[in-house]
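Input: a single structure, listed below in structure tokens.
Numbering (my numbering), first residue to last: 86 to 510.
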């Protein structure tokens, strides 16, 4: 919902009725993750995407029906036993899309949720997507961290308590997924499926070094959904005008700033650290802080192979162990042959994404097997798919399962070197 929140909130505030289709589960090679959303506006507008263009037409038609009836529905889109093109999802995957009407009457808590999301405060929305009692489908809870009030209700105190506890755990981890309970919230039962969409603060990208490469990295980091901070000790270079895509520009000694952020608990397992300073007096203390601190998603440092060798020597002299040094990506990025700052930023982003999802950076045309990896994600709203056993158990129809299996089998440095070239092993 985050990607369509501005349009959704505008119509909600104007008192309009909107249909929202949300991906609540994916199986096999699905193009969009759980949480991806599409709107059907009051004037027939289409905003957002649930499949990258494959089934939007079907979701649009369902959305029009839901606006008229007010009755939410869970739809499954995927290959059929007649033709893999019958429903438009040609990738061999399956999507479960929950389509509901959104208005001030249907979703009175939306304004508060939007305020939390925009302010970076953690909030989760838990919605019943299947239930033996049709009257409970579409009921929701708005859940915040421990101690904060819960809004809404699922139809029973037992269900509210069970879902609240589980949703707070998902929210703390920044995860979005569908949970299953008994009709009254029994943990060992079946019949009620609840989609929990977590809106944790965006993961951070800390870019150190106010150079032209940093401007490009900040831009692609913001594009990927990171909260980007650029830090440099030189006030003449560390200015907001030079880094328009950064959310924050800080004039501080890099290692001091990072140490303070770690001490304040603002660096976590989703944080990405990009060291572009290319100067030992900045690099060594900064990388020492980054590699001896809490585990982060990524630590990359720009430099040629000669710079990298010298940097490792200095870090070892500074007391770092081989295990700590193994966390360092240097020279930074994937070997794309990049030379310009913009190309280098793509290379760095590609390495971050590959580590995030367990990719190997090879050309897809030269590989086989599933395209989408099943590794855990650290970017908000980009959740892992169900594992293979869970997928097989969740797909009940044998013909559909056979079609999915058949489709899946078919489918499924960044810094100038001494001679002016980019280096990366």
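Idealized CB from N, CA, C, for every residue including glycine.
As DSSP reads the structure, residue 333 sits in a beta bridge with 314.
From the listed residues 228, 246, 260 and 319, the smallest Cα separation to residue 120 is found for 260. The secondary-structure analysis by DSSP pairs residue 102 with nothing; it has no beta-bridge partner. Spanning the alpha carbons of residue 389 and residue 419 requires a straight line of approximately 13 Å.
For residue 333 and residue 373, the gap between their C-alpha atoms comes out near 23 Å.
DSSP places residue 179 in the uninterrupted beta strand (DSSP E) bounded by 179–187. Three or more beta-carbon pairs drawn from the segment 283–298 and the segment 422–440 are found closer than 8 Å, and the two stretches are therefore classed as touching. For the segment 368–392, the continuous beta strand (DSSP E) assignments of 3+ residues that do not extend past its boundaries occur at 383–386, in sequence order. Pairing residue 411 with residue 385 gives a Cβ-Cβ distance that is not under 8 Å. When secondary structure is reduced to three states using DSSP, residue 225 falls in the strand class. Apart from sequence neighbours up to five positions away, the residues of its chain that approach residue 367 with a beta-carbon distance below 6 Å are 339, ordered along the chain. Per DSSP, reduced to three states, the secondary structure at residue 220 is helical. In the three-state reduction of the DSSP assignment, residue 241 falls in the coil class. Classified as exposed, residue 448 has fewer than 16 neighbouring CB atoms from the shown chains inside 10 Å of its CB.
In the DSSP annotation of this structure, the continuous segment of the alpha helix (DSSP H) that includes residue 204 starts and ends at 195–204. Taken through DSSP and simplified to helix, strand or coil, residue 356 comes out as coil. C-alpha of residue 244 to C-alpha of residue 275: approximately 12 Å in a straight line.
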